[in-house]
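Residue numbers (mature numbering (1 follows the signal peptide of the UniProt record, and there is no 0)): -24 to -1, 1 to 148.
The beta-carbon is built from N, C-alpha and C at its ideal position, and this holds for glycine as well.
This structure is a prediction, so every number in the text was calculated from the model and none was measured.
Have a look at the structure below before the remarks.
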């Protein structure tokens, strides 16, 4: 009997909702938004560095001037991508072995550090601690920023590996 009653009630409910204004439809909007903020990213190598300038191997008696391009994750130079309209500032510190603001390659114990310079974005004067500006126009979001290192070998360098680490800072 209870089963029969439930079936009748269900049928009456279905009939009443089909013809009754008791059922209503409600439509409202959902707002979808996003804020795009200025930003930049730079390609890094597998170890997380921006790149490497390798002067190669030379005799300790060499007095040659040697240039080496900084090679990053995507080839020569730093690959930088920024939001269109940004002016990016790129600065480099004096390095881990600087003396009076001059960058130096530090070598094995008892060796004399070897001075070197960096040149940024095709510049012909050494890139010191000054900030270089790089503009990203509408439609141009990727740029390659070339950096060249130059060393004049002293002619009396001890044998061994000479290195330095320079921190590069990007601001926008």
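*asked:* Just to confirm my understanding: we take residue 72, look at its own chain, exclude 5 residues before and 5 after, and list those with CB closer than 7 Å. What are they?
replied: Position 96 of the chain shown, counted from the start, is the residue given in the question as residue 72. Here the set comprises 140 and 141.
*Shortest alpha-carbon distance to residue 128 belongs to which of 14, 34 and 121?*
Along the chain shown, one-based indexing puts residue 128 at 152. Of 14, 34 and 121, the residue nearest in Cα terms is 34.
*Bridge-paired residues (DSSP) for residue 15*: For this step, residue 15 is matched to residue 39 along the chain shown. Bridge partners of residue 15: none, in fact.
*Of all the beta strand (DSSP E) runs that stay within the bounds of the segment 16 to 92, which reach a length of 3 or more residues?*
Listed in chain order, the complete beta strand (DSSP E) runs (minimum 3 residues) inside the segment 16 to 92 are 16 to 18, 41 to 45, 54 to 58 and 63 to 68.
_Strand pairing of residue 96, partner residues [DSSP]_ = Residue numbering aside, residue 96 sits at position 120 when the chain shown is read from its first letter. Bridge partners of residue 96: 123.
_Just to confirm my understanding: we take residue 126, look at its own chain, exclude 5 residues before and 5 after, and list those with CB closer than 6 Å. What are they?_
Locating residue 126 in the chain shown gives position 150, where the first residue counts as 1. If we look at residue 126 and ignore the five residues flanking it on each side, its Cβ neighbours are 43 and 93.
*Could you tell me how far apart the beta carbons of residue 81 and residue 123 are, in whole angstroms, since I believe they sit closer than 8 Å?*
For the purposes of this step, residue 81 is identified with residue 105 of the chain shown, where counting begins at 1. For the purposes of this step, residue 123 is identified with residue 147 of the chain shown, where counting begins at 1. Incorrect: roughly 16 Å between the Cβ atoms, too far for contact.
*For residue 108, which three-state DSSP category applies?*
For this step, residue 108 is matched to residue 132 along the chain shown. Correct three-state label for residue 108: strand.
*Since residue 146 sits in a beta bridge, which residues does DSSP pair it with?*
In the chain shown, the residue the question calls residue 146 occupies position 170. Note: residue 146 sits in a beta bridge opposite 66.
_Burial state of residue 46 (16 or more Cβ within 10 Å)_ = Here residue 46 refers to the residue found at position 70 when the chain shown is read from its first residue. Under this definition residue 46 is a buried residue.
*asked:* What does the alpha-carbon distance come out to for the pair residue 117 and residue 148?
replied: In the chain shown, residue 117 corresponds to position 141, counting from 1. In the chain shown, residue 148 corresponds to position 172, counting from 1. Using only the alpha carbons, I get a separation of about 14 Å.
*When the Cα of residue 77 is compared with those of 99, 134, 104 and 85, which residue comes out closest?*
As a working mapping, residue 77 is identified with position 101 in the chain shown. Ranking the options by Cα distance to residue 77, first place goes to 104.
*asked:* Quick check on DSSP: helix, strand or coil for residue 7?
replied: Sequence index remark: in the chain shown, residue 7 carries index 31 (1-based). Coil, per DSSP.
*Excluding the five sequence neighbours on either side, which residues of its own chain have a C-beta within less than 6 Å of the C-beta of residue 29, listed in chain order?*
Start at 1 with the first residue of the chain shown, and residue 29 comes out as number 53. Result list for residue 29: 44, 46 and 125, in chain order.
*Measure the C-alpha to C-alpha separation of residue 100 and residue 49 and round it to an integer number of angstroms.*
Here the question's residue 100 lines up with position 124 in the chain shown. Here the question's residue 49 lines up with position 73 in the chain shown. Near 24 Å, if we compare the C-alpha coordinates of residue 49 and residue 100.
*Contacting residues, own chain, Cβ-Cβ under 6 Å from residue 111 (five flanking each side not counted)*: As a working note, residue 111 is residue 135 in the chain shown. These residues qualify, in order along the chain: 63.
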